[in-house]
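**Student:** Provided herewith is a single structure, encoded as structure tokens, for subsequent inquiry.
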Amino acid sequence: MNPKALERISYGMYILTSRKGGKLNGQIVNAVLQTTADPVTITVCVSHDNLTHEFIEESRVFTLSILSESAPIGLIAGFGYRSGRDFDKFEGISFREGQNGVPIVLDSTVAFLECELIDQMDLGSHTVFAGKVVGGDVLSDETPMTYAYYHTVKGGKSPKNAPNYVSMGKGAA
Numbered sequence: 007m008n009p010k011a012l013e014r015i016s017y018g019m020y021i022l023t024s025r026k027g028g029k030l031n032g033q034i035v036n037a038v039l040q041t042t043a044d045p046v047t048i049t050v051c052v053s054h055d056n057l058t059h060e061f062i063e064e065s066r067v068f069t070l071s072i073l074s075e076s077a078p079i080g081l082i083a084g085f086g087y088r089s090g091r092d093f094d095k096f097e098g099i100s101f102r103e104g105q106n107g108v109p110i111v112l113d114s115t116v117a118f119l120e121c122e123l124i125d126q127m128d129l130g131s132h133t134v135f136a137g138k139v140v141g142g143d144v145l146s147d148e149t150p151m152t153y154a155y156y157h158t159v160k161g162g163k164s165p166k167n168a169p170n171y172v173s174m175g176k177g178a179a
């Protein structure tokens, strides 16, 4: 199998945020899908190893901030390549608390969706969280960033915990 074929699946780039008590965390995700219209439901795939996973399971709320093409690679790296266990990912980031108590990232965000967890499915290394959308708005008319744009224009890479990460090692074509 040529793992590059998987890069042809269309994705967006999002900052997924949640809270646990008074602590906030967030991470970059790309495996997001609107799954129903009534009620409006969003699913997102998150590694079991990520702190955000723990926060969503406990608080049962999350928010997706949809990134623009103009989002700097530093913003993506800050939420994507280091753990909230070791860093305050919100230091120096413009955000506001949404109606669900979860941060809405305002930097380079075109829109946001606030969700309440209604179900989850364990897939081994990752969990698919399904959230009922309880709020959201458009913040900018900029173009949302796709995962392809992130790779081809921004030169971005997939971290090991990404649901679409495929090792180019042994057996890769």
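Residue numbers (the working numbering): 7 to 179. Glycine included, C-beta positions come from ideal geometry on N, C-alpha and C. Predicted model, so just to flag it, every value in this text is computed and none were measured.
#1: Quick one: does Ser100 have its CB under 8 Å from some CB of chain D?
#2: Using only the alpha-carbon positions, how far apart do Cys121 and Leu70 sit?
#3: What does a CB cutoff of less than 6 Å around Val67 pick up in its chain, not counting 5 residues either side in sequence?
#4: Let's see if you can read the secondary structure: which residues bound the alpha helix (DSSP H) around Ile79?
#5: Should Thr58 and Gly32 be called a contact, given that it needs their Cβ atoms to be closer than 8 Å?
#6: Could you check where the alpha helix (DSSP H) with Leu145 kicks off and where it finishes?
#7: Under three-state DSSP, which class holds Phe61?
#8: Could you check whether Ser24 and Ile6 sit closer than 8 Å to each other, using their CB atoms as the reference points?
#9: Taking C-alpha atoms, which residue in Ala136, Tyr155 and Tyr153 lies nearest to Thr42?
#10: I need the DSSP call for Tyr156, collapsed to helix, strand or coil.
#11: Per the contact definition of three or more C-beta pairs closer than 8 Å, is the segment 84 to 93 in contact with the segment 144 to 159?
#12: In terms of DSSP beta bridges, what is Val134 paired with?
#13: Give the secondary structure of Leu70 by DSSP, where H, G and I count as helix, E and B as strand, and everything else as coil.
#14: Suppose you measure from the CA of Met174 to the CA of Pro9; what does that come to, to the nearest Å?
#15: Rounding to the nearest angstrom, what Cα-Cα distance links Val139 and Thr47 in this structure?
#16: If Leu119 sits next to Phe101, beta carbons under 8 Å apart, how far is it from one beta carbon to the other, in whole angstroms?
#17: Can you tell me whether Ala11 is helix, strand or coil according to DSSP?
**Tutor:** Based on what the coordinates show:
#1: No chain D appears in the structure shown, which is made up of a single protein chain.
#2: 8 Å
#3: Asn106, Val108 and Glu122
#4: From DSSP, the alpha helix (DSSP H) with Ile79 extends over Ile79 to Gly86.
#5: Note that the C-beta distance between Thr58 and Gly32 is below 8 Å.
#6: First-last for Leu145: undefined, no H or E at that position.
#7: helix
#8: Given that the chain is displayed from residue 7 to residue 179, the structure contains no residue 6 and the question cannot be resolved.
#9: Distances from the alpha-carbon of Thr42 to those of Ala136, Tyr155 and Tyr153 put Ala136 closest.
#10: helix
#11: no
#12: Cys51 and Met127
#13: strand
#14: Residue placement at Met174 cannot be trusted, given a pLDDT of 43 that sits under 50; the coordinates are not used to answer.
#15: 6 Å
#16: Contact doesn't hold; Cβ gap of about 15 Å is too wide.
#17: helix
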